[in-house]
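Taken in sequence, the protein lines are chains A and B. Counting from 10, one number per residue, gives the positions in the first sequence under this note's numbering. Counting from 911, one number per residue, gives the positions in the second sequence under this note's numbering. In what follows, a structure is listed as structure tokens, so that the remarks can point back to it.
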Amino acid sequence: MITLRLGYVPLIDAAPLIVAHELGFAAEEGLALDLVRLGAWAQARDMLGAGLIDAAQMLVPMPVGQALGLGPTLPPMDLVMFLSHGGQAVAVNRALERRLRDAGHDFAFDNARAAGMALRGTVTGRLRVGVPFPFSTQSELVRHWLAACGVVHADLDLVTVPPPMMADAVARGDVDAFCVGEPWASFAVERGQAALLLPGTAIWAAPPEKGLVLLRSFAETRPEETGALMRAVWRAGRWLDDPGHRGTAAEILSRPAYLDLPPELAERGLTGRLTISGRGEMRDVPGFVAFNAGGASFPWKSLAALFATRIALRHGLDPQLAMARAMSHFRTDLYRRHLRPAGAPLPGASQRVEGALAQDRSVAAERGGMILRADAFFDGFSFDPASSN
Amino acid sequence: MHGIAPAAMPVQAEPMSKRLLIVVVEPDPDRAQPIADGLRDAGDHDIRIIAEQSGLARQVAELRPDVVLIDIANPSRDVLEELALASGPSERPVAMFVDRSDEGLTRAAIEAGISAYVVDGLRPERLKPILDAAIARFHIFQQMRAELDATRAALEERKIIDRAKAVLMKARGIDEEAAYALLRKTAMDGGKRMADIAQQLVMAAGLLGR
């Protein structure tokens, strides 16, 4: 047995790492996993950089930020696979909830344009929205959604708030709304401090949320362990995407060593059955969080490019250069090499037009065909790295 | 005032004599105070402790410190990351740190569980004694925390063994010494720890309603 130390932040999308350990997928690959619970995303990055952990769960845009030189000087880090898509929810404070209801918004939880327009009509002055990290899928979702609904950049403040503190931040009035990964949105609802307005998937059908990140030097010098880890995590993701397993997953994740919360709370996000308000209104969101199905774990270089151009523009960097840099850190080559033996479906290309699939679609794969999950944006936006200038 | 203006311009490092403003973000006063004391021993610096983590970004932005020290695992670090990125060069209170010049020092700091955010242009020779002092204090705390955890675990084990002894004494009508001997023998024969055997026994007894 070889022991690998993995860093994770307590959220439902740490599930593939925790399940790989708890259900023996790692052991089958000859790995013992030492799971290290982390308090901050910056800690994941720094501990990985210093070699104190062998791999880390990270927000997908984090390695992009590193690749663009927007983080501390650390050895090169590569994202080798996605761990999850979705799993985020947008929430508003109680005062906004009341005003939205008064204005006739129905909290249907499935229409990003209706929710965005209602919010725009309700907010007076600047809107302060909490997100977990400057480089996060949450940040990209909120910016895209509100811009498409006509909220101008000058009227929007994105504020970093650590996920477990979202409920307090909204209660104190530090932020008016937030976008965060489960179970922390449900936690704020449970505490009576927020109402859920939208799932992330209503803005973008397949927003890549977390990735497995390794030091490039580790992936190069220890290919066997890298492959074993990727296969164990990939199989854990496949297990997790069986709907019958989500309840069990909630039980495992909620243990004191991991999330240390009532299982009922983690179960909401994992089953996509969310309680959106203090009134106990329930909403079903099929595919609220995905780990593996529909090629979810394939780290498309075009997604690296999409995040890179957006981050580059905000930080005054050259988008073309940024795109090229970021794409080299999404290791579709390692994904193919290490997951081919596990039978993972492998798409024919490593980049594509993002946002092009309104429905799940069957496409040609390396062997036979595979289903790709729908990935449309609510406003019809699409992004082609090949023609982006 | 400690005059942060020159330090905010990367090219123009401040003179050696200038007092530095060091902010320690630490909610636990028992931990913050020794760190602050250690930093004072390391030089004539102005040390502030921020315990209240709400509004951290605003507090730090207003203080405009030269150095911010914070536990590597403190969730509020992510707030400082934003601050470091968002500030324009002329108003930058803290720049991203893992130090660019000294990999050994960086590693030592991360291992000790400390992260530092430092104004661009602060000379490494000024930062080093500060970090050395902080690292020393953080190590002491790591050790104390580990010892406390170990003590707590030992206490828990003693409690569970006592309960297992009581179960055995009642079920088999033996005295305490015999019960302890039986537990120890069972553990040794099975290659297990006594506390684990005791735990299983207590759990089984609970299920059987004993």
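For each residue, glycine too, the CB sits at the ideal point set by N, CA and C.
Between the CA atoms of residue j and residue i - distance to the nearest angstrom
i, j, result
"E972 (chain B)", "G965 (chain B)", "11 Å"
"V160 (chain A)", "T318 (chain A)", "21 Å"
"E924 (chain B)", "L931 (chain B)", "Since pLDDT at E924 (chain B) reaches only 48, below the 50 mark, its modelled position is unreliable, and the value read off the structure follows with that caveat. Their Cα atoms are separated by approximately 13 Å."
"P920 (chain B)", "D976 (chain B)", "Annotation note: pLDDT 43 at P920 (chain B) (below 50); position unreliable, no value reported."
"Q922 (chain B)", "T1016 (chain B)", "In this prediction, Q922 (chain B) scores a pLDDT of 46, lower than 50, which makes its location untrustworthy; the coordinate-derived value is nonetheless stated afterwards. Each residue's alpha carbon lies about 23 Å from the other."
"R200 (chain A)", "E1087 (chain B)", "51 Å"
"L1041 (chain B)", "A1063 (chain B)", "32 Å"
"K1096 (chain B)", "A1105 (chain B)", "Note on residue identity: the sequence assigns Thr, not Lys, to residue 1096 (chain B). Approximately 11 Å between the Cα atoms of the pair."
"W50 (chain A)", "D988 (chain B)", "7 Å"
"A983 (chain B)", "V935 (chain B)", "12 Å"
"A163 (chain A)", "A333 (chain A)", "29 Å"
"R382 (chain A)", "A1074 (chain B)", "54 Å"
"L330 (chain A)", "D393 (chain A)", "16 Å"
"L270 (chain A)", "K928 (chain B)", "48 Å"
"L92 (chain A)", "A353 (chain A)", "14 Å"
"D956 (chain B)", "E218 (chain A)", "41 Å"
"G1100 (chain B)", "A23 (chain A)", "35 Å"
"A124 (chain A)", "G289 (chain A)", "19 Å"
"A314 (chain A)", "R361 (chain A)", "10 Å"
"R247 (chain A)", "W309 (chain A)", "19 Å"
"V222 (chain A)", "A211 (chain A)", "27 Å"
Residue i: first and last residue of the uninterrupted beta strand (DSSP E) it sits in
i, result
"I261 (chain A)", "Taken as a continuous stretch (DSSP letters only), I261 (chain A) belongs to no beta strand (DSSP E), being part of the alpha helix (DSSP H) at R255 to S263."
"Q147 (chain A)", "It is not in any beta strand (DSSP E) - Q147 (chain A) instead sits in the alpha helix (DSSP H) that spans T146 to A157."
"H94 (chain A)", "M86 to G95"
"V977 (chain B)", "V977 to D981"
"T284 (chain A)", "R282 to T284"
"Y17 (chain A)", "I11 to Y17"
"S1025 (chain B)", "I1024 to V1028"
"L5 (chain A)", "There is simply no residue 5 (chain A) to check, as chain A begins at 10 and stops at 398 in what is shown."
"Q963 (chain B)", "Neither: Q963 (chain B) is in no beta strand (DSSP E) and is coded neither H nor E."
"D43 (chain A)", "L40 to R46"
Buried versus exposed, by CB contacts within 10 Å (16 or more), residue i
i, result
"D251 (chain A)", "exposed"
"G378 (chain A)", "exposed"
"G95 (chain A)", "buried"
"E38 (chain A)", "buried"
"D115 (chain A)", "exposed"
"A1091 (chain B)", "exposed"
"Q202 (chain A)", "buried"
"A1056 (chain B)", "exposed"
"T146 (chain A)", "buried"
"E991 (chain B)", "buried"
"M911 (chain B)", "For M911 (chain B), the predicted structure reports a pLDDT of 33, less than 50, and the residue's modelled location is therefore unreliable. A value from the coordinates is still provided. Exposed is the call here."
"M1113 (chain B)", "exposed"
"G236 (chain A)", "buried"
"E234 (chain A)", "buried"
"P171 (chain A)", "buried"
"S263 (chain A)", "buried"
"D1085 (chain B)", "exposed"
"L47 (chain A)", "buried"
Amino acids of chain A, ordered along the chain, whose beta-carbon sits closer than 7 Å to that of residue i
i, result
"R987 (chain B)", "A49, A51 and Q52"
"L1123 (chain B)", "Given a span of 911 to 1120 for chain B in the structure shown, any question on residue 1123 (chain B) remains unanswerable."
"R1017 (chain B)", "A59"
"I1020 (chain B)", "D55, M56, A59 and L61"
"E992 (chain B)", "P143 and T169"
"I982 (chain B)", "Q52 and D55"
Contact set between residue i and chain B, taken where Cβ atoms lie within less than 8 Å
i, result
"P171 (chain A)", "P985, S986, D988 and V989"
Chain-ordered neighbours of residue i on chain B, where CB pairs are closer than 7 Å
i, result
"R181 (chain A)", "S964"
"M174 (chain A)", "P985"
Extent of the continuous alpha helix (DSSP H) to which residue i belongs
i, result
"V970 (chain B)", "L966 to L973"
"S4 (chain A)", "The question about residue 4 (chain A) has no answer, for chain A in this structure spans 10 to 398."
"K1038 (chain B)", "P1034 to R1082"
"D988 (chain B)", "R987 to A996"
"L1117 (chain B)", "M1104 to L1117"
"A314 (chain A)", "K310 to R323"
"M175 (chain A)", "M175 to R181"
Residue i at chain D interface by Cβ criterion, 9 Å
i, result
"A971 (chain B)", "Protein chains A and B are contained in the structure displayed, whereas chain D is not."
Pairing CB atoms from the stretch 163–180 of chain A with CB atoms from the stretch 247–265 of chain A, are three or more of them under 8 Å?
-> Output reads no: the stretch 247–265 of chain A does not touch the stretch 163–180 of chain A.
Three or more beta-carbon pairs under 8 Å between the stretch 39–46 of chain A and the stretch 236–248 of chain A, yes or no?
-> Judged by Cβ distances under 8 Å, the stretch 39–46 of chain A makes contact with the stretch 236–248 of chain A, as three or more pairs qualify.
Are the stretch 77–89 of chain A and the stretch 54–66 of chain A in contact at 8 Å, needing three or more beta carbon pairs?
-> Taking 8 Å as the limit for Cβ pairs, the verdict is that the stretch 54–66 of chain A does touch the stretch 77–89 of chain A.
Does the stretch 99–118 of chain A come within contact of the stretch 68–80 of chain A, defined as at least 3 CB pairs closer than 8 Å?
-> Touching, no.
Are the stretch 65–77 of chain A and the stretch 319–334 of chain A touching by the rule of at least three beta carbon pairs closer than 8 Å?
-> Yes: at least three Cβ pairs fall under 8 Å.
How do the stretch 130–142 of chain A and the stretch 179–198 of chain A stand: do at least 3 beta-carbon pairs fall below 8 Å, yes or no?
-> Segments in contact, yes.
Three or more C-beta pairs closer than 8 Å, one from the stretch 293–313 of chain A and one from the stretch 272–284 of chain A: is that the case here?
-> Contact between the stretch 293–313 of chain A and the stretch 272–284 of chain A is present, because at least three Cβ pairs lie under 8 Å.
Three CB pairs or more closer than 8 Å across the stretch 940–952 of chain B and the stretch 1037–1052 of chain B | Yes, since at least three Cβ pairs between the stretch 940–952 of chain B and the stretch 1037–1052 of chain B fall closer than 8 Å, the two stretches touch.
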